[in-house]
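Structure first, commentary second.
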Amino acid sequence: MTVIKKLTISSSGKINLYLNVSKTLRVDGYHEIKSIMQSISLADELDFEIYNNYGLSRYSSTNGNGNGNGNGISITCNNIDIPLNEKNLVHKAAQLMLKTFGLLKKYNVKININKSIPVSSGLAGGSSNAAATILAINKVFNLKLTADELVNLAGSVGSDVPFCLSGGTALVEGRGEKISELPDLPFYWVVVAVNGKKFSSGDVYDKFDLIGKEKKSIHQQLVDNINKKDYTKFFSGLDNDLERVVIVEDKMVEIIKKKAVELGAFASQMTGSGPAVFAFCPDLKTAKRVYSGLGEISNKVFLTCTTPGSQNIVN
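Just add 987 to the spot in the sequence shown (first one is 1) and you have the numbering used here.
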C-alpha cells in the first residue's frame, strides 16, 4: 500500500455574532435561520494520508486497524469524546466525497484529528473538520470543484459546514446553505469560555420549539453596520435566539457573560446552540484579564481572535 499524498489542514471554529431562528419549520424539517458568523483562531488540526488500495484489506473507522467494516476510511483522534465511525462528520464528508467521485474502492484514507475546539459547544468544530475533509479530498485528487459544488456537497453533510469552507465574516441564511460574504471585521481579541455542560444542537432547537419566542430579524441592519464600518452599532445589536433557551438549563451562560463585561469585554454572548460564550475585548491587556477571570468560573477558557478564513493548509 503506497502513500500517494499527505496533507495537513488547520480547521478553525466559528462564533455566531447574530442568530435569528424561525419558529416555522421548513419542508425539510429544519429551522430557517439568519445568522452573522465569524471565524476565530481557535482551531483543530487534521492530518490526511491517502493510500492506493491494491486488493489490500480496507480500513475501518471504528478502530483504524483494518479489521472493521472495510469502508476504507480510518479516523483517529486525541479526544476520547469524538466518535471514530459514521457518526463523525469527518467520516460522513470523506465517504460522500469518495463515493460521489468514484474513489471509494480505489483508495484508503487515514485522518487524524488533533482537537482543540471543545465538543458540543456551539463552535462548529465538527462542521469545520468536515469542511476541511471536503477541501482536502478536492485538492488531493485535483477534482477542481467550483465554489457552488463545494457548498452543495457541504450542505448535505451539515448545516454549518458550508460556512466553514471559507469562513471569515458572512451572513448565513436558509438552514446554513446560503452564504453571503461580508467585509471582514477588524482584528479583535476574543475570549471563549465553556463550562462543563454539553448540548446537542437538536435538543436545543427542540427546546426552542417549545419555549422559544420568534423575533423579527435585524440581520440587514447589522449587515449595513458592517458595510458602513459602524462597529459600535453593530456590537450593540448582537443577539442569539437560542441563548434564552439554553439559560433555562445552564445559568452559567449568563454568569460568564456578566463576568466578562465586568472585566472589560465590550460584547459577550453565547454562540450557536451553546454553551460556549465569547467575549470581545478592546485590547490584549483586557483580553488577558477577561481570560484569567473567566478561568476562575469556567472549565475551559481560550484566548483567541477573529480571523479572515476557516481553513489553512499547513503542509
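Backbone N, C-alpha and C fix where the C-beta goes; we use that ideal spot for every residue, glycine too. Source: prediction; values computed, not measured.
Taking 8 Å as the limit between beta carbons, can you name the residues of its chain near residue i, skipping five residues before and five after?
i	result
Asn1286	Val1181, Asn1182, Gly1183
Gly1042	With a pLDDT of 49 at Gly1042, under the threshold of 50, the modelled position of this residue cannot be trusted, and the question is left open.
So, with DSSP's three-state summary, where would you put residue i?
i	result
Lys1216	coil
Gly1016	coil
Asn1116	helix
Phe1035	strand
Asp1068	coil
Ile1300	strand
Asn1058	coil
Thr1273	helix
Val1144	coil
Ile1166	strand
Gly1189	helix
Looking at residue j and residue i, is the spacing between their C-beta atoms short of 8 Å?
i	j	result
Lys1185	Val1106	yes
Lys1001	Ile1023	no
Lys1289	Leu994	In the sequence under discussion, the amino acid at residue 1289 is Phe, which differs from the Lys named in the question. No, Cβ-Cβ distance for Phe1289 and Leu994 is not below 8 Å.
Leu1152	Ile1100	no
Gly1112	Asp1031	yes
Val1177	Phe1267	yes
Phe1174	Phe1128	no
Glu1136	Pro1149	no
Ser1204	Lys992	no
Gln1025	Leu1132	no
Val1232	Val1191	yes
Asn1116	Leu1076	yes
Ser998	Ser1297	yes
Gly1199	Lys1079	no
Val1096	Ile1037	yes
Apart from the five residues on each side of it in sequence, which residues of its chain come closer than 6 Å, Cβ to Cβ, to residue i?
i	result
Thr989	Asn1039
Ala1263	Ser1108, Gly1109, Leu1110, Val1179, Val1181
Gly1259	Asn1003, Gly1109
Asp1196	none
Who are residue i's beta bridge partners in DSSP?
i	result
Val1177	Phe1267, Thr1291
Tyr1005	Ile1023, Asp1226
Val1096	Ile1037, Ile1060
Thr1133	Thr1133 pairs with nothing; no bridge assigned.
Thr995	Asp1034
Leu1158	Ile1023, Ser1167
Asn1101	Glu1032
Met1257	Val1264
Might you give, ordered along the chain, the residues of its own chain that have their beta carbon closer than 7 Å to the beta carbon of residue i, omitting 5 neighbours on each side?
i	result
Gly1280	Lys1246, Leu1250
Glu1168	Gly1155, Ala1157
Gly1161	Glu1019
Asn1052	In this predicted model, Asn1052 has a pLDDT of only 37, less than 50, meaning its place in the structure is not dependable; the value taken from the coordinates is given anyway. Hits under 7 Å: none found.
Val1277	Val1178, Ala1247, Leu1250, Gly1251, Ala1252, Ala1266, Cys1268
Asp1068	Val1106
Asn1066	Lys1102, Val1106
Leu1012	His1018
Are the stretch 1079 to 1088 and the stretch 1138 to 1152 touching, with three or more C-beta to C-beta distances below 8 Å?
-> yes
Does the stretch 998 to 1013 come within contact of the stretch 1219 to 1237, defined as at least 3 CB pairs closer than 8 Å?
-> yes
Are three or more beta carbon pairs between the stretch 1056 to 1065 and the stretch 1110 to 1124 nearer than 8 Å?
-> no
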